[in-house]
Amino acid sequence: MTTHFGIKLRNKEGGHKLTIDNYIGVRPKDITSYSFDELEEKKGRILNKFELNMKYFESLSRIEFNDELTKLVASDNFIEIIDLNSIYDVPGYYIMVLDDYCQIYIGIAHNIKSRIMQHWRDKVPLDNLVNSSDSGLLHIDSFRALDTTRIYACIGYEDNFSEDHMENMIRENLFIFKFPVDYCLNVATLFLG
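Just so you know, we're using the working numbering here: the sequence shown kicks off at 24 and counts up by one.
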């Protein structure tokens with residue numbers, strides 16, 4: 024059994040790293056929802072998006088990525104997490120770093136450990152992959168546990184974390200807007216008010 028950030032990972036079909044073979048998960052429901060030709064057409068579009076993303080990730084500068092990450096972590100009191108058990112039931116903001124792809128994902132949670140593990144467990148349904156196949160980067164839940172190479176957390180205290188989810192989302196978006204879009208999997212929401 025593999026241990027990653029202090030968590031024992033259960034065997035997962037397709038392994039613990041993203042590959043073209045485990046990117047698309049077809050459930051029995053998907054097979055009955057589409058004709059064979061429709062399913063093949065959708066899979067083709069999704070695989071094209073996957074290949075374009077991989078080429079894009081390979082083109083990015085690791086030096087610039089690490090420089091920007093260092094700035095973000097230092098400016099907002101993020102700490103590196105070695106063992107997710109150390110932040111069990113801890114609220115706050117987190118950064119999942121996917122070094123092989125020069126990408127980060129910034130999130131917010133009332134229990135950072137559980138939320139990160141949920142990202143690792145979740146699989147993006149075929150319909151969601153199809154609906155997003157014509158634009159954008161891969162969804163964070165497309166990646167697997169071992170794709171996450173570093174984790175940072177900004178622990179939620181009274182001055183930076185609220186019971187008001189909207190306030191927390193605004194702060195999360197401020198972190199996202201600080202980071203170059205080329206290196207961030209998030210799609211931030213612009214709040215107009």
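Cβ atoms here follow ideal geometry from the backbone N, Cα and C, with glycine treated the same way. A quick note: this is a predicted structure, and the numbers were derived from the prediction, not measured.
How many Å lie between THR25 and GLY159 at the Cα?
-> If I take the Cα positions, the gap works out to 31 Å.
Establish whether the CB of SER165 and some CB of chain C are separated by less than 7 Å.
-> In the structure shown, chain C does not exist; there is a single protein chain.
Within the same chain, show all residues whose beta-carbon is closer than 8 Å to that of CYS207, passing over the 5 residues directly before and after it, in chain order.
-> Closer than 8 Å at Cβ, skipping near neighbours: GLN126, ILE127, TYR128, ILE129 and ILE199.
Selection from HIS27, PRO148 and ASN34 that minimises the alpha carbon distance to ASP164 | Proximity to ASP164 across HIS27, PRO148 and ASN34 peaks at PRO148, based on C-alpha coordinates.
Counted within 10 angstroms of its Cβ, other Cβ atoms place VAL120 as buried (16 or more) or exposed | The residue is buried, with at least 16 neighbouring Cβ atoms inside 10 Å.
Use the C-beta contact count for ARG167: other C-beta atoms within 10 angstroms, 16 or more gives buried, fewer gives exposed.
-> Buried, by the Cβ-count rule.
Whole-number beta carbon distance between LEU107 and ILE139, since they are thought to touch under 8 Å = Correct: roughly 6 Å between the Cβ atoms.
Contact between the stretch 110-120 and the stretch 169-189: three or more CB pairs below 8 Å?
-> The answer is yes - the stretch 169-189 touches the stretch 110-120, with three or more Cβ pairs under 8 Å.
Who are the near neighbours of GLU3 in its chain, counting only those whose CB is closer than 8 Å to its CB and skipping five residues on each side?
-> Limits of the chain in this structure are 24 at one end and 216 at the other, which puts residue 3 out of reach.
Starting from LEU121, follow its DSSP beta bridges and name the residues at the other end.
-> Answer is GLN126, bridged to LEU121.
Short Cβ contact (7 Å threshold) for HIS142 with PRO114 = Contact: no.
Give me the Cα-Cα distance between ARG33 and SER84, rounded to the nearest whole angstrom.
-> Distance between the alpha carbons of ARG33 and SER84 is about 33 Å.
ASP60 versus GLY67 - alpha carbon distance | Those two C-alpha atoms are separated by around 10 Å.
Residue burial classification, VAL210 (beta-carbon count within 10 angstroms, cutoff 16) | By the 10 Å Cβ count, VAL210 comes out exposed.
Helix or strand or just coil, what does DSSP make of GLU36?
-> Coil at GLU36, not helix or strand.
Can the beta-carbon of LEU11 be found less than 7 Å from the beta-carbon of LYS40?
-> Because the chain here runs from 24 to 216, residue 11 falls outside it and cannot be looked at.
Candidates GLU81, TYR57, GLY29 and SER185: which alpha carbon is nearest ASP150's?
-> Checked all of GLU81, TYR57, GLY29 and SER185; the closest Cα to ASP150 is TYR57.
With DSSP run on the structure shown, which of helix, strand or coil describes ARG173?
-> Strand.
Residue of ASP99, ILE86, PRO203 and PHE88 minimising C-alpha distance to ARG194 = Here the closest residue by C-alpha is ASP99.
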